[in-house]
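Trainee:
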Amino acid sequence: MDTAITSNDTADDNPEIGERLRALREEHGLSQRELARRAGMTNGTISLIEQDKNSPSVASLKKILDVYPITFSEFFSIPDKTARETFYPNEMLTTLTDGPLLFRVVAGEIKNKKVQILHERYEVGADTGEEMLKHEGEEGGIIIEGKIELTVGDAVRILGPGDGYYYDSTIPHRFRNVGNAIAIIISACTPPSL
4 MDTAITSNDT ADDNPEIGER LRALREEHGL SQRELARRAG MTNGTISLIE QDKNSPSVAS
64 LKKILDVYPI TFSEFFSIPD KTARETFYPN EMLTTLTDGP LLFRVVAGEI KNKKVQILHE
124 RYEVGADTGE EMLKHEGEEG GIIIEGKIEL TVGDAVRILG PGDGYYYDST IPHRFRNVGN
184 AIAIIISACT PPSL
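Its first residue numbered 4, the sequence shown is counted upward by one per residue in the numbering used here.
1. Please name the residue in 178, 52, 32 whose C-alpha comes closest to that of residue 124.
2. Smallest Cα separation from residue 72: which of 48, 110, 28?
3. Using 7 Å as the cut-off, classify the Cβ of residue 197 as near or not near the heavy atoms of the ligand SAM, replying yes or no.
4. Quick one, which of 44, 171, 175 has its alpha-carbon nearest residue 135's?
5. For the beta strand (DSSP E) that contains residue 187, what are its first and last residues?
6. For residue 25, count the other beta carbons within 10 Å of its own beta carbon; 16 or more makes it buried, fewer makes it exposed. Which is it?
7. If you compare alpha carbons, which of 49, 154, 111 is closest to residue 23?
8. Inspect the CB distances between the region 177-194 and the region 137-152 and report whether three or more fall short of 8 Å.
9. Please name the residue, chosen from 137, 149, 70, 147, that lies closest to residue 40 on a Cα-to-Cα basis.
10. If you compare alpha carbons, which of 196, 42, 101 is closest to residue 115?
11. Is the region 30-37 touching the region 54-61 in the sense that three or more CB pairs, one from each, lie closer than 8 Å?
12. At what residues does the alpha helix (DSSP H) containing residue 37 begin and finish?
13. Rounded to whole angstroms, what's the CA-CA distance from residue 79 to residue 92? Just pull it up for me.
14. Between the C-alpha atoms of residue 113 and residue 120, what's the straight-line distance to the nearest angstrom?
15. In angstroms with no decimal places, state the Cα-to-Cα distance between residue 105 and residue 74.
16. Return the chain-ordered list of same chain residues with a C-beta closer than 6 Å to the C-beta of residue 42, the five sequence neighbours on each side being excluded.
17. Measure the CB-CB distance between residue 130 and residue 183 and report whether it falls below 8 Å.
18. How is residue 181 classed by DSSP in three states: helix, strand or coil?
19. Cα-Cα, which of 151, 30, 159 is closest to residue 165?
20. Under a Cβ-count criterion, where at least 16 other Cβ atoms within 10 Å of its own Cβ denotes burial, should residue 53 be classed as buried or exposed?
Right under this line is the structure:
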């Protein structure tokens with residue numbers, strides 16, 4: 004049976020599915036008629052889906068996506084280029100580093116963005132390294148959990164939950180978890196440095 008996509012199938016979380024499909028088709032230089040032929044569907048069905056007047060079933064969506072070299076998960080992770088904002092669930096954050104120091108970035112796949120937003124996790128004793136960091140830009144953040152020793156130039160401060168920081172990134176700086184539990188920071192940097 005050709006079942007329509009339900010909220011459990013993630014389409015309700017992606018109401019612009021038709022717009023995404025249209026953008027994908029145009030990106031591959033296909034007409035609606037050619038896409039319909041390759042997917043074994045009617046041109047009218049493709050048109051209604053792209054206008055978001057007809058929600059495709061899982062089977063229909065699979066037929067369309069099989070025309071391209073793209074999986075379901077890749078399709079649903081494509082940022083909506085027509086939107087002013089894109090939402091990134093926890094599992095869609097891009098992991099930059101892992102281990103005692105975990106950095107995950109929002110919108111990691113977007114090139115030339117002007118700001119970098121990070122979710123940082125420091126295990127007990129973890130730090131950014133013996134050598135101080137230094138790069139162009141500005142940084143700021145808020146400690147969500149734990150205790151962080153932040154060194155910026157000659158200034159050293161111990162920060163805890165709710166404490167914030169902001170500095171010129173050209174000044175040498177270093178982070179270290181000095182508490183007895185994992186430390187979590189949400190930070191932003193402009194321009195991106197990682």
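No residue lacks a Cβ here, since even glycine has one placed at the ideal position from N, Cα and C.
Mentor: Let's see:
1. For residue 124, the nearest C-alpha among the options comes from 178.
2. 28
3. Although the ligand SAM was asked about, the structure shown includes no ligands whatsoever.
4. Selected option, being the one with the closest Cα: 175.
5. 186-193
6. buried
7. Checking every option, the nearest Cα to that of residue 23 belongs to 49.
8. A contact exists between the region 177-194 and the region 137-152.
9. 70
10. Cα-wise, what sits closest to residue 115 is 196.
11. A contact between stretches requires three or more CB pairs, one per stretch, nearer than 8 Å, and the region 54-61 fails this requirement with the region 30-37.
12. 35-42
13. 12 Å
14. In a straight line, the C-alpha of residue 113 is about 12 Å away from that of residue 120.
15. 27 Å
16. 66, 67, 70
17. Pairing residue 130 with residue 183 gives a Cβ-Cβ distance that is not under 8 Å.
18. coil
19. 151
20. buried
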